[in-house]
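What follows is a short report on a single structure.
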Amino acid sequence: MEAKAKREGRVRRHVRVRRKVSGTAARPRLAVYRSNRHVYAQLIDDGAAATLAAASDAEIADDRANASGKTDRAKEVGKLIAGRAKEAGIDRVVFDRGGRKFHGRVAAVAEGAREGGLNI
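Residue numbers (this note's numbering): 27 to 146.
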């Protein structure tokens with residue numbers, strides 16, 4: 027599949043998801059972006075168009091001797107964003123998978139966030 031067509035398909039799916047998923051100040055949107063190398067998560071209040079908290083696996087200490095896989099790092103990002111949400115007084119979020127399947131690293135972020143205390 028051509029890269030352009032693949033990206034356009036993901037964007038189309040994301041638009042379809044975003045029709046239903048919107049973040050508020052009380053229940054922000056947990057948006058997950060996955061690149062080939064990294065995973066990023068943001069808590070977004072769509073009403074105010076503001077990012078309340080953000081986290082990425084680039085922030086996590088990268089210990090080459092004890093190298094963990096990308097899925098493990100994604101789970102740590104979920105825990106990190108959950109901790110930052112708790113600091114901001116947020117305990118409930120809506121999950122935005124960004125047009126990707128709820129599988130692998132995207133699901134690992136959600137799992138880590140749930141373990142961190144967020145209600146998805």
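For glycine and all other residues, C-beta sits at the position ideal for the given N, C-alpha and C.
Integer-rounded CB distance, given that residue j should sit under 8 Å from residue i
{"i": "L56", "j": "F121", "result": "5 Å"}
{"i": "D103", "j": "A133", "result": "In the sequence as presented, Asp is not what sits at residue 103; that position holds Val. The Cβ separation is near 12 Å, so there is no contact."}
{"i": "A125", "j": "R36", "result": "Checking the displayed sequence, the identity of residue 125 turns out to be Gly instead of Ala. Right, their Cβ atoms sit about 4 Å apart."}
{"i": "A100", "j": "A74", "result": "No, A100 and A74 are not in contact; Cβ-Cβ is about 27 Å, not under 8 Å."}
Close beta carbons around residue i, own chain, < 7 Å, minus the five adjacent residues each side
{"i": "L144", "result": "A108, A111, D117 and V119"}
{"i": "R123", "result": "V43, V58 and V132"}
{"i": "R53", "result": "R118, V119 and V120"}
{"i": "G130", "result": "T97"}
Paired residues, beta bridge with residue i - DSSP
{"i": "T77", "result": "I70"}
{"i": "V58", "result": "A67"}
Any non-hydrogen atom of the ligand GDP closer than 7 Å to residue i Cβ
{"i": "A31", "result": "In the structure shown, the ligand GDP is absent, as is every other ligand, since no ligand is present at all."}
Beta-carbon proximity list for residue i, same chain, < 8 Å, skipping 5 on both sides
{"i": "K105", "result": "G138, A139, E141 and G142"}
Assigned exposure category for residue i - 16 Cβ within 10 Å defines buried
{"i": "A136", "result": "buried"}
{"i": "K32", "result": "exposed"}
{"i": "G49", "result": "buried"}
{"i": "I70", "result": "buried"}
{"i": "A29", "result": "exposed"}
{"i": "V65", "result": "buried"}
{"i": "A79", "result": "buried"}
{"i": "R84", "result": "One detail in the question is off: residue 84 reads as Ala in this sequence, not Arg. Per the 10 Å Cβ criterion, exposed."}
{"i": "A81", "result": "buried"}
Own chain partners of residue i with C-beta closer than 6 Å, once the 5 adjacent residues on each side are dropped
{"i": "A91", "result": "Note that A91 has pLDDT 44, beneath the 50 cutoff, so the model's placement of it is unreliable and no number is given."}
ask   = In chain order, which continuous runs of the alpha helix (DSSP H) of length 4 or greater are located wholly inside the stretch 80–123?
value = 96–113
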